[in-house]
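Letter 111 of the sequence shown, counting from 1, is numbered 105 in my numbering, and no numbers are missing.
Written out below as structure tokens is the structure these notes cover.
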Amino acid sequence: MSKIIDGKAVSAQVKERIKAETAALKEQGIEVGLAVVIVGEDPASKVYVRNKKRACEEVGFNSYEYALPEDTTEEQLLELVQKLNADDKVNGILVQLPLPKHLDDKVIINNILPEKDVDAFHPVNVGKIMIGDYSFLPCTPAGVMELIASTGTEIAGKECVVIGRSNIVGKPQAMLLLHRSGTVTICHSKTENLKEVCRRADILVAAVGRAKMITKDYIKEGAVVIDVGMNRDENGKLCGDVDFEDCKDKAGYITPVPGGVGPMTIAMLMQNTLTAAKVKNKKM
Ligand code: NDP
């Protein structure tokens, strides 16, 4: 029986640390603020925004929510971004993705000041992650790193396999593991012999977006298995990319879905916002 990695507990510890640091900054007259922008009525996005707002309250940040109508133009959205860029109370700006189809994610993200880009999606921040000189960590991969750390597993020298090569998860995940001296393989839809490659992994990160695709045949006995996937199964129930029931006796450590990577992503967003405030106020 593998040990289940409790993302809720680890994220609660991270948020406690952030809360204490935020309170200490407040005593020095420094407040931390996050602006969250949502365009349109996407139900999943609304849930994410609500959770982010709640997390801000938990750690003591000021949160500023901007809910714009579906038919907002690029010009209007850019105007808001510029306003937030210039606002001293706002340390972090998060534009909830996906945006409605008529708006170009890239144009909007490229207009957020890199020092307020707490999602770490701006090309400047992506480049910094590549060269290992970063203050903002991409939220989901950074959360995965915290979960791996919580198991006490040493990454250096280990075989790490990341399934998925998206810009927001797979690629930065591989880079963070590489910075910690893992021997990293990135798999994708064209990878041949996926099972064999995955079975080499001491640390396996699945970020595919396919419900329960990773069964026990894909994992090495005792591996650390981190499931980034957020999918719906045939009954409409939230599930990961890993077939948890099938893998739980073979893995050494495994994350559940829900309650694994998900809560960490928001905790790391809070971490980045705190970092932005500290950098701005020359506290780090
Ligand atoms: P993308 O769809 O952008 O990327 C999926 C990746 O998986 C692609 O690189 C794709 O390969 C690869 N892939 C697809 N099918 C296969 C296959 N059969 N074999 C091997 N590789 C395959 O997804 P994201 O990276 O944005 O997200 C991945 C999952 O993580 C989703 O379920 C998403 O909901 C979840 N997620 C969860 C978050 C959280 O906070 N918990 C945050 C962000 C995402 P190719 O490039 O060749 O097409």
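Every residue gets a Cβ at the ideal spot worked out from N, C-alpha and C, and that includes glycine.
In this structure, the ligand NDP has a non-hydrogen atom nearer than 6 Å to the beta-carbon of R159.
Distance from G86 to V120 at the Cβ level is roughly 17 Å; contact not present, criterion being Cβ atoms closer than 8 Å. By the Cβ neighbour-count rule, M139 is buried, with 16 or more other Cβ atoms within 10 Å of its own.
By the 16-neighbour rule on beta-carbons within 10 angstroms, M264 is buried. Within the chosen limit of 6 Å, the ligand NDP does not reach the beta carbon of M124 with any heavy atom. D221 sits in a strand when the DSSP states are folded into three classes. Note that the C-beta distance between G223 and G253 is not below 7 Å.
In the three-state DSSP reduction, V89 falls in the strand class (E or B). Going by DSSP, L62 is part of the beta strand (DSSP E) stretching over 56 to 62. Apart from the 5 residues on each side of it in sequence, N105 sits with its Cβ closer than 6 Å to the Cβ of L72, V75 in its chain, given in chain order. With respect to the 7 Å criterion, A245 and I220 are not classified as neighbours on the basis of their beta carbons.
If you look at I157, you'll find it in the beta strand (DSSP E) that goes 153 to 157.
Going by C-alpha positions, D211 is about 21 Å away from E228. For I12, the enclosing alpha helix (DSSP H) covers residues 1 to 21.
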